[in-house]
């Protein structure tokens, strides 16, 4: 039985990532046009549990305006203050203020799909509009956890009107005939990302690189665990030192071969 909490959590995370990528790859991709309502009416429950759509962002009503560029209009905005001693440090957020207005995705023939709860979505759907570093000494002098920070980063991100956006989630038709995209009720990943579907798919597949890295980490952890088990087993039997080392090497070789062939199989599967 594996009692390593780190390895268990990592395996669970990797399994979740794999399921998300597989679901994303299999999601239907209906175009936003006049035929979409006909398709939805013919679908059981008038909903697609997991679908990918793409269109142009349009605000419902007055759009948001950038605080730092009057000519930039959007539907989502996030103002963030980070604090760090260096520009490339991990930056803890000290203040964040999101704001939004209702918006829709417009298709090729002006058919629209309303986007619900966009701030719950993952993905790269906002672009950086403004950023500026300030010296903290010019603002206020204080300590955080006994360490005096020296810089504050002010950043504004927006989802701009007119942006090409891909949304992956649950597509439904409301009782009034309105088409909406919302977070999946089955717990699947809700995704919004700038760009068309093909580029979003490419980024999703590229993100599995870290999954492969994690697979390697698990392999190393598993190999180490098996090696330790072999060592303790041999010690329990009062085996000679040379025999212990030999068994550990054999176990490690068998496990490494299994991992190598398994990795090649997974890599081939994604091609």
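Numbering (mature numbering (1 follows the signal peptide of the UniProt record, and there is no 0)), first residue to last: -23 to -1, 1 to 248.
The beta-carbon is built from N, C-alpha and C at its ideal position, and this holds for glycine as well.
None of these values were measured; they are calculated from a predicted model.
Coarse secondary structure for residue i, derived from DSSP in three states
i, result
"residue 75", "strand"
"residue 138", "coil"
"residue 83", "strand"
"residue 23", "helix"
"residue 150", "strand"
"residue 18", "helix"
"residue 43", "coil"
"residue 70", "strand"
"residue 34", "strand"
"residue 129", "strand"
When the options are compared against residue i, the one with the closest alpha-carbon
i, options, result
"residue 174", "22, 31, 18 and 3", "31"
"residue 29", "177, 19, 145 and 87", "145"
"residue 56", "159, 165 and 136", "136"
"residue 167", "80, 3, 2 and 99", "99"
"residue 101", "48, 141 and 50", "141"
Close-in-space but distant-in-sequence residues of the same chain around residue i (CB under 8 Å, 5 per side omitted)
i, result
"residue 105", "132, 133 and 134"
"residue 96", "53, 75 and 77"
"residue 151", "157"
"residue 17", "23, 24, 25, 148, 149, 150 and 156"
"residue 46", "106 and 107"
Distance, residue j Cα to residue i Cα
i, j, result
"residue 24", "residue 94", "17 Å"
"residue 154", "residue 15", "11 Å"
"residue 42", "residue 74", "14 Å"
"residue 26", "residue 147", "5 Å"
"residue 108", "residue 19", "48 Å"
"residue 103", "residue 171", "8 Å"
"residue 2", "residue 85", "23 Å"
"residue 13", "residue 69", "43 Å"
"residue 8", "residue 81", "14 Å"
"residue 79", "residue 6", "23 Å"
"residue 58", "residue 87", "38 Å"
"residue 50", "residue 37", "13 Å"
"residue 44", "residue 179", "33 Å"
Outcome for residue i when other beta-carbon atoms lying within 10 angstroms are tallied against a minimum of 16
i, result
"residue 39", "exposed"
"residue 71", "exposed"
"residue 162", "exposed"
"residue 139", "exposed"
"residue 164", "exposed"
"residue 48", "exposed"
Residues near residue i in its chain [Cβ-Cβ closer than 6 Å; skip 5 each side]
i, result
"residue 83", "32, 33, 35 and 89"
"residue 177", "143 and 170"
"residue 21", "none"
Contacts around residue i, its chain only, beta-carbon distance under 7 Å, and the 5 residues preceding and following it disregarded
i, result
"residue 159", "93, 94, 146, 147 and 149"
"residue 10", "84, 85, 86 and 88"
"residue 190", "Unreliable placement is indicated for residue 190, whose pLDDT of 47 sits below 50; the coordinate value is still reported in the next sentence. Excluding positions up to five away in sequence, the list is empty."
"residue 4", "27, 28, 29 and 145"
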